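What follows is a short report on a single structure.
Number of protein chains: 2
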Amino acid sequence: MPDPPPSLDPVQLGAYFALIEVTSLLRHAVEQQLREAGDLSYVQFQLLARLGDAPTGSHRMTDLADGVVYSRSALTYQAGLLEKAGLVTRAQAEDDERGTTVTITDAGRERLARVFPGHIEIVQQLLFEPLSGADVKALAALLEPVRDHMRAIPPRSAAPRRRRHAS
Amino acid sequence: MPDPPPSLDPVQLGAYFALIEVTSLLRHAVEQQLREAGDLSYVQFQLLARLGDAPTGSHRMTDLADGVVYSRSALTYQAGLLEKAGLVTRAQAEDDERGTTVTITDAGRERLARVFPGHIEIVQQLLFEPLSGADVKALAALLEPVRDHMRAIPPRSAAPRRRRHAS
DNA sequence: TATTGTTATACTCTATAACTATA
DNA sequence: TATAGTTATAGAGTATAACAATA
Chain A
336 MPDPPPSLDP VQLGAYFALI EVTSLLRHAV EQQLREAGDL SYVQFQLLAR
386 LGDAPTGSHR MTDLADGVVY SRSALTYQAG LLEKAGLVTR AQAEDDERGT
436 TVTITDAGRE RLARVFPGHI EIVQQLLFEP LSGADVKALA ALLEPVRDHM
486 RAIPPRSAAP RRRRHAS
Chain B
336 MPDPPPSLDP VQLGAYFALI EVTSLLRHAV EQQLREAGDL SYVQFQLLAR
386 LGDAPTGSHR MTDLADGVVY SRSALTYQAG LLEKAGLVTR AQAEDDERGT
436 TVTITDAGRE RLARVFPGHI EIVQQLLFEP LSGADVKALA ALLEPVRDHM
486 RAIPPRSAAP RRRRHAS
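Chains as they are written, first to last, in our numbering: chain A, 336 to 502; chain B, 336 to 502.
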């Protein structure tokens with residue numbers, strides 16, 4: 336067998352294209368709402384939401400970076416913006432002197448609260464309106480395993496031929 | 336009823352988050368592959384693919400812009416890059432003196448062909464590997480109506496609190 | 001030595017508004 | 001007037017590599 340089949344069947348193509356377009360349109364609408372309602376980019380919202388979800392309201396930089404897929408420097412940049420806006424604080428981690436702990440502030444939670452209703456409204460209208468309860472369940476059941484698979488398979492270097500540190 | 340319910344149930348949240356993360360990871364992997372294999376951004380690939388699909392290999396600028404959601408100027412920028420790289424040509428439309436027709440070149444088709452196998456391989460491995468044939472069918476059946484709904488509902492101005500049809 | 005995080009830098013991409021030309 | 005497309009501009013965001021400090 337010559338490795339993986341070099342094509343997608345029509346059904347796969349349909350699913351793939353629909354997935355791409357649905358997410359693209361949804362993302363676009365959400366970004367607009369977040370910007371208008373709370374002057375937040377999507378990434379900033381994700382960071383705030385992640386902090387807001389945490390029991391302590393805090394995360395290490397590395398944890399945040401892992402969750403958002405970005406480079407460290409991109410996270411530093413965004414954390415800097417959020418800090419300047421008073422939505423988070425940064426402090427040295429207690430257990431590891433190298434680390435930085437990011438914590439959401441009251442203003443951050445407030446901002447999150449201000450933005451959330453509109454966010455949910457859009458997701459509800461755009462994504463879920465045409466789906467029945469059973470549909471939503473089915474969608475989650477389909478996508479959650481895919482997500483787990485994606486998280487597991489490529490540690491972060493889904494590169495076909497990359498190899499680091501050849502020392 | 337106070338308009339739309341201000342929350343998502345746990346199943347909806349699961350579906351929403353999985354959708355976002357799956358697409359984000361997939362997109363990231365695909366972008367990397369396109370860049371490495373053919374020095375193309377995702378947008379550029381989309382444009383080329385759209386032109387390659389067209390019977391004539393051509394599209395009007397406006398048609399391309401509509402499909403890629405972007406602003407006109409962003410499209411002009413990308414078309415300029417593709418033209419500079421010799422992957423497309425731009426010429427005045429025949430029927431409408433205002434219009435510009437973009438056409439994919441042989442080099443453009445070649446580039447597309449060079450990039451496609453790796454693209455498909457990634458989608459196959461990341462998205463479809465954990466899904467059965469029936470799953471894929473179900474996924475398409477769920478997402479395609481959502482896509483149609485999204486295309487139809489908000490003409491492009493999903494304003495946060497505007498209520499349309501107040502007539 | 002490896003890891004955490006920051007900084008400097010360069011680059012890509014996008015949107016807005018002003019502008020030209022045609023319908 | 002409205003539409004098609006371009007241009008100028010300005011801003012947001014990202015990645016890379018070099019760096020400092022701690023493990």
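Don't be surprised by glycine CBs; every beta carbon is placed ideally from N, CA and C. From a predicted model like this one, the values you see are computed outputs, not experimental measurements.
Under the three-state DSSP convention, the category residue i falls into
i, result
"B:S467", "coil"
"A:T424", "strand"
"B:T438", "strand"
"B:S408", "helix"
"A:S393", "strand"
"A:E432", "coil"
"A:S342", "coil"
"B:S359", "helix"
"B:I488", "coil"
"A:L375", "coil"
Proximity below 8 Å, CB of residue i to CB of residue j
i, j, result
"A:R425", "A:G373", "no"
"A:A364", "A:I455", "no"
"A:L504", "A:L383", "This structure cannot settle anything about residue 504 of chain A, because the visible part of chain A is limited to 336 through 502."
"A:V378", "A:Q427", "no"
"B:L505", "A:Y351", "Here chain B has residues from 336 to 502 only, and residue 505 of chain B is not among them."
"B:H438", "B:L386", "Before going on, a small fix: residue 438 of chain B reads as Thr here, not His. Closer than 8 Å, so yes."
"B:M485", "B:T435", "no"
"A:V459", "B:L343", "It is worth fixing the name first, because residue 459 of chain A is Gln in this sequence and not Val. Result yes, Cβ atoms of A:Q459 and B:L343 sit closer than 8 Å."
Below-8 Å beta-carbon distance, residue i vs any chain A residue
i, result
"B:Y351", "yes"
"B:F380", "no"
"B:R482", "yes"
"B:L466", "yes"
"B:V346", "yes"
"B:R499", "Low confidence applies here, because B:R499 scores a pLDDT of 30, under 50, leaving its location unreliable; read the following figure in that light. False, the Cβ-Cβ gap to chain A never drops below 8 Å."
"B:L462", "yes"
"B:A475", "yes"
"B:L360", "yes"
Within-8 Å CB hit, residue i to chain B
i, result
"A:A448", "no"
"A:L354", "yes"
"A:A409", "no"
"A:P341", "yes"
"A:V357", "yes"
"A:L375", "no"
"A:L383", "no"
"A:Q413", "no"
Sufficient close CB pairs (3 or more, under 8 Å) joining the stretch 383 to 402 of chain B to the stretch 430 to 447 of chain B: yes
Counting Cβ pairs, one atom from each stretch, are 3 or more of them under 8 Å apart for the stretch 351 to 360 of chain B and the stretch 353 to 363 of chain A? yes
With three or more beta-carbon pairs closer than 8 Å as the criterion, would you say the stretch 476 to 485 of chain B touches the stretch 405 to 420 of chain B? no
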